[in-house]
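To start, the structure itself, in C-alpha cells.
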Amino acid sequence: MEPLHTETPLFESRPLSVLTGRSVWLKLDALQPPGSFKIRGIGHACQEYVRRGAGRLISSSGGNAGIAVAYAGRHLSVPVLIVVPETTSGLARALIRREGAEVIVHGDSWQEANELAESRVEESDVLVHPFDDPLVWRGHSTLIDEVAGSGVKPGAVVVSVGGGGLLCGLVEGMKRSGWADVPVIAVETEGADSLAQSVRAGHRVELPAITSLAITLGAKKICQRAFDCTRDHPLQSIVVSDRAAVSACQRFLADHRVVVEPACGASLAAVYDGAPELDDLESVLVVVCGGATTTLEQLAEWASASA
Ligand SMILES: *Cc1c(COP(=O)(O)O)cnc(C)c1O
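Each residue of the sequence shown is one higher than the one before, counting from 1 in our numbering.
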C-alpha cells in the first residue's frame, strides 16, 4: 500500500549555514499535506489498523495528531471521531472537520477529552495514540530513510520532543541507516521539558503542568521508549525559552517563507541561537516538524507578548 505521507524537501539552508558557519540541512516536514511529520507515523499506524479491520479511528488530540488521524481516515475511507478539549483553537477544530472527521468538544483539558474518547470506543474502533505506539515510530522512521537515501549523513540531528514519538522513530531510522554514531540533539521548551527533567533525574519524570506555549510539546511524561533512546543512542537534551522558539519561527519565516509553530521553532532556536552543543559540528540536520495550526497573526501576538 502507498504510504499516506509524501517525501518532503531536503536542502541545505543558505541563510542558516552562513549564519552558523556550518552546513545546516533542513527536512521540511511542515510541508506534509496535513501540515506536520505526524502523518508519517499516524498514517502508517492507521493503515495498519484499518488493514486489521478497524471500522473507525478515534483520537483525542486537538493538534497535529488529530489532524493526521482525520486525514488518514479520509484517505482510508473510514469514519473518524476526534474528541478535543475546550482549549482547542477554532482553527484546529476547523482543520479537523475539513478532513471530514466528527469533532466533539469536551472538558477543560486533554485528560477529560481523552476519557470521553476512551468511553466511546466500540468493538471495531481503534483509539490512536499520538506518540506511544511502535507502528507510529515505524512510520516516523521513514524521515531518516529519505535523508539517508539522498546521500546526506549529518553530524547531528536536531529534533523537537513532546511525548517522544518522533524521537523514537528517528532513532529507529538512524540505527537502520548505519547512523548509530550520529548524535540526536533533543530540544524542548521551558515548561514542556519532560525529557530534559527525566534525563537529569535518571528516570521518567511527570511534569505537574505544561506551562509552555509550545502546546504540541506538552506531554507531561515522555514514553518509556523515548527514555530508553536517551540511554541507547548518543543524545543531548537542551531546553530553550518560549520566546526563543517564537523568535526562531519569525526568523525562519523571513529566511524560508514557511510558517511553523513554536514546537518546531524550539529546534530552530537551537540553531539560530547557536546552542553550544552544536559547536564542533560541521553539519546538522534540522527536522522542521510542522505548524498547521499556527498563523502569522498568532506568531506576532506571541512575539509582542513576550517582548
Ligand atoms: C507532535 C509534534 C511534536 C512532538 O512530537 P512527539 O512525537 O510527541 O515527541 C513536535 N512538533 C510538532 C509540530 C508536532 O506536531
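Even glycine gets a Cβ: it sits at the ideal position worked out from N, Cα and C.
query, result
"Please list, in chain order, all residues of the same chain as E301 whose beta carbon is under 7 Å from its beta carbon, the five residues on each side excluded.", "none"
"Could you name the residues of the same chain whose beta carbon sits closer than 7 Å to that of R22, not counting the 5 residues immediately before and after it, in chain order?", "L281, E282, S283 and V284"
"What is the DSSP secondary structure of R176, counted as helix, strand or coil?", "helix"
"Which runs of the alpha helix (DSSP H), 4 residues or longer, sit entirely within the region 214-262?", "224-232 and 242-256"
"Just to check, is the beta-carbon of G164 closer than 7 Å to a non-hydrogen atom of ligand 1?", "yes"
"Which residue spans inside the region 65-137 form an unbroken beta strand (DSSP E) run of at least 3?", "80-84, 102-105 and 125-127"
"Is any non-hydrogen atom of ligand 1 found closer than 7 Å to the C-beta of L217, if you look at the structure I gave you?", "yes"
"Given a cut-off of 8 Å, decide if P262 and A275 are closer than it, judged by their beta-carbon atoms.", "no"
"By DSSP's criteria, L207 is part of a beta bridge. Which residues make up the other side?", "Answer is none; L207 lacks a bridge partner."
"Under the criterion of a Cβ to heavy atom distance below 7 Å, does P130 qualify as lining ligand 1?", "yes"
"Determine the direct distance from the alpha carbon of G291 to that of V258, and round the result to whole angstroms.", "9 Å"
"Give the range of the beta strand (DSSP E) segment to which V284 is assigned.", "S283 to V288"
"For the region 20-40 against the region 104-115, do three or more pairs of beta-carbon atoms, one drawn from each stretch, fall closer than 8 Å, so that the two count as touching?", "no"
"Can you give the beta carbon distance from S141 to G173, rounded, assuming they're within the 8 Å contact cut?", "3 Å"
"Whose C-alpha, out of A196, E146 and S89, is nearest the C-alpha of T295?", "S89"
"Just checking my contact of I58 with R14 at CB under 8 Å: how many whole Å lie between their CB atoms?", "Between R14 and I58 the Cβ distance is about 44 Å, and since that is not below 8 Å, they are no contact."
"Which term fits R51, buried or exposed, when burial requires 16 or more other beta carbons within 10 angstroms of its beta carbon?", "exposed"
"Going by alpha carbons, who is nearest to A382 out of P234, G178 and I210?", "Residue 382 is absent from the model: the chain starts at 1 and stops at 307."
"Is the region 196-205 touching the region 213-231 in the sense that three or more CB pairs, one from each, lie closer than 8 Å?", "yes"
"Within the continuous beta strand (DSSP E) that includes K27, where are the two ends?", "S23 to L28"
"What do you reckon, is the C-beta of E172 under 7 Å from a heavy atom of ligand 3?", "Ligand 3 is not part of the structure shown, which contains ligand 1 as its ligands."
"By how many angstroms is the C-alpha of A117 removed from the C-alpha of D125?", "11 Å"
"Looking at A161 and ligand 1, is the gap between the Cβ and the nearest heavy atom below 7 Å?", "As written in the sequence, residue 161 is Val, which differs from the Ala given in the question. It does: the Cβ of V161 is within 7 Å (strictly closer) of some heavy atom of ligand 1."
"Report the rounded CA-to-CA distance for V103 versus V78, giving the unit in angstroms.", "15 Å"
"Report the rounded CA-to-CA distance for P3 versus I215, giving the unit in angstroms.", "27 Å"
"Does the beta-carbon of S198 have 16 or more other beta-carbons within 10 angstroms, so that it is buried, or is it exposed?", "buried"
"In this structure, how does DSSP classify E2 when only helix, strand and coil are distinguished?", "coil"
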